[in-house]
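Novice: The structure's right below; bear with me while I get my questions together.
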Ligand code: CU1
Ligand code: CU1
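In the working numbering, the protein residues as written are 3 to 290.
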């Protein structure tokens, strides 16, 4: 059965409750922290000069598609019918969005220590302790808009600059790739200030706190953010039907990136699955 991922702003209060409840249950079981650990592991090792499968790489999109699918499968085992909602940050771009309310993900962190004190994931509720962080602060942190050096969420026009690019990715297939949809969406650039972070990366910066580093899935908004990134990829595929995943063929042994990235048919660890197997999600889920 093909299931539907909905815009978070369209969820009923019962649907929000079910999603939050399933996430808390996954946390209680210990499985949630396995996801955070996996992300930390790849985030730390991914780098322009070495093997990289999750970030700064063509497989950024299929890797996270698979990662979300596993997480969602676990949630659906706990609460049948639950799906990962998506957050369209070009539209719901203020702290007043439904997303951040008490009945869903809770709001901004407090000024003094960035600690989130509202909603089910507030440390004080006793159900959301961060154990896989890069530091030992156990509480969820956010600092919307980066108050010390303000940054805005990406606009529709900024996102369109990425989606207009009809080439999936370009050499050297890393964070310095100057063209290509993948890096324009992932958002590494050489600009200064806000311009240094685009689209996907900018959203991590805007939420701040826990969302900044390798343990960013410790903030449940991670999944809603990446569901939207996945939706953007899906729309891009539809808009550019002739543009496939690149590199499509194995790189020549003399290529400096050979063996460091997943081309179309190379497996992406930790799974034995290639980008080719993840290009079409229509048999699994759709976006409303
Ligand atoms: Cu990631
Ligand atoms: Cu991300």
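Note that CB positions come from ideal geometry on N, CA and C, so glycine has one too.
From a predicted model like this one, the values you see are computed outputs, not experimental measurements.
#1: Quick one: Cα of residue 25 to Cα of residue 77, how far?
#2: List the DSSP bridge partners of residue 117.
#3: Which residue's Cα is closest to the Cα of residue 10: 247, 177, 157, 85?
#4: In whole angstroms, give me the CA-to-CA distance for residue 152 and residue 74.
#5: Give the DSSP-derived three-state secondary structure of residue 247 in the structure shown.
#6: Check whether the Cβ atoms of residue 22 and residue 124 lie closer than 7 angstroms to each other.
#7: Along the chain, where does the beta strand (DSSP E) containing residue 6 start, and where does it finish?
#8: Please report how far the alpha carbon of residue 251 lies from the alpha carbon of residue 28, in whole angstroms.
#9: Count Cβ pairs between the region 128-142 and the region 217-224 that sit closer than 8 angstroms; are there 3 or more?
#10: Using CA coordinates, which residue listed in 154, 60, 128 is at the minimum distance from residue 97?
#11: Name the one or two DSSP bridge partners that residue 190 has.
#12: Less than 8 angstroms between the CB atoms is what I'm expecting for residue 199 and residue 189, so what's the real figure, rounded?
#13: Excluding the 5 residues preceding and the 5 following residue 259 in the sequence, name in chain order all residues of the same chain whose CB lies nearer than 8 angstroms to its CB.
#14: Between residue 1 and residue 156, which are expected to be in contact by the criterion C-beta below 8 angstroms, what is the C-beta distance as a whole number of angstroms?
#15: Once you ignore the five residues that flank residue 40 on each side, which residues in its own chain have a CB closer than 7 angstroms to its CB?
#16: With a CB to CB cut of under 8 angstroms and the five nearest residues on each side skipped, what residues in its chain are close to residue 47?
#17: Can you give the Cα-Cα distance for residue 20 and residue 14, rounded to whole angstroms?
#18: Note down the Cα distance separating residue 82 from residue 287, rounded to an integer number of angstroms.
#19: Starting from residue 44 and walking both ways along the beta strand (DSSP E), at which residues does that stretch end?
#20: Assign residue 58 to one of two classes, buried (16 or more other C-beta atoms within 10 Å of its C-beta) or exposed (fewer than that).
#21: By Cβ distance below 8 angstroms, which residues in the same chain neighbour residue 284 in space, the five residues on each side in sequence not counted?
#22: Once the 5 residues before and after residue 233 are set aside, which same chain residues still bring their CB inside 7 angstroms of it?
#23: On the CB-based measure, 16 or more other CB atoms within 10 Å of its CB, does residue 115 come out buried or exposed?
#24: Using 8 angstroms for Cβ pairs, my map puts residue 184 next to residue 170. What's the rounded Cβ distance?
Specialist: Working from what's here:
#1: Counted from its first residue, the chain shown places residue 25 at position 23. Counted from its first residue, the chain shown places residue 77 at position 75. Spanning the two alpha carbons is a distance of roughly 7 angstroms.
#2: Locating residue 117 in the chain shown gives position 115, counting from the first residue. DSSP lists 143 as partners of residue 117.
#3: Along the chain shown, one-based indexing puts residue 10 at 8. Of 247, 177, 157, 85, the residue nearest in Cα terms is 85.
#4: What you label residue 152 is simply residue 150 of the chain shown in a count that begins at 1. What you label residue 74 is simply residue 72 of the chain shown in a count that begins at 1. In a straight line, the C-alpha of residue 152 is about 33 angstroms away from that of residue 74.
#5: Residue 247 sits at position 245 when you count from the first residue of the chain shown. Residue 247 falls in the coil class under three-state DSSP.
#6: Start at 1 with the first residue of the chain shown, and residue 22 comes out as number 20. Start at 1 with the first residue of the chain shown, and residue 124 comes out as number 122. No, they are not a contact pair.
#7: The residue given as residue 6 occupies position 4 in the chain shown. Unbroken beta strand (DSSP E) run through residue 6: 5-7.
#8: Within the chain shown, numbered from 1, the residue matching residue 251 stands at position 249. Within the chain shown, numbered from 1, the residue matching residue 28 stands at position 26. Going by the C-alpha atoms only, they are around 39 angstroms apart.
#9: yes
#10: Translated into the one-based positions of the chain shown, residue 97 becomes position 95. For residue 97, the nearest C-alpha among the options comes from 154.
#11: Numbered from its first residue, the chain shown carries residue 190 at position 188. Its beta-bridge partners are 199.
#12: In the chain shown, residue 199 corresponds to position 197, counting from 1. In the chain shown, residue 189 corresponds to position 187, counting from 1. Between residue 189 and residue 199 the Cβ distance is about 6 angstroms, and since that is below 8 angstroms, they are a contact.
#13: As a working mapping, residue 259 is identified with position 257 in the chain shown. Excluding residues within five positions, the ones whose Cβ falls inside 8 angstroms are 173, 174, 175, 176, 253.
#14: What is shown of the chain runs 3 to 290, which leaves residue 1 out entirely.
#15: The count along the chain shown starts at 1 and reaches residue 40 at position 38. The residues are 272.
#16: As a working note, residue 47 is residue 45 in the chain shown. Answer for residue 47: 53, 54, listed in chain order.
#17: The count along the chain shown starts at 1 and reaches residue 20 at position 18. The count along the chain shown starts at 1 and reaches residue 14 at position 12. The straight-line gap from Cα to Cα measures roughly 10 angstroms.
#18: Reading the chain shown from its first residue, position 80 is the one you call residue 82. Reading the chain shown from its first residue, position 285 is the one you call residue 287. Each residue's alpha carbon lies about 14 angstroms from the other.
#19: For the purposes of this step, residue 44 is taken as the residue at position 42 of the chain shown. Residue 44 -> not in any beta strand (DSSP E); alpha helix (DSSP H) instead, spanning 33-47.
#20: Against the chain shown, residue 58 aligns to sequence position 56. Residue 58 comes out buried.
#21: Locating residue 284 in the chain shown gives position 282, where the first residue counts as 1. Hits under 8 angstroms: 4.
#22: If you number the chain shown from 1, residue 233 lands on position 231. Within the same chain, residue 233 has close Cβ partners 88, 289.
#23: In the chain shown, counting from the first residue as 1, residue 115 sits at position 113. So residue 115 counts as exposed.
#24: Here residue 184 refers to the residue found at position 182 of the chain shown. Here residue 170 refers to the residue found at position 168 of the chain shown. Going by Cβ atoms, the distance from residue 184 to residue 170 rounds to 6 angstroms, so yes, they are a contact pair.
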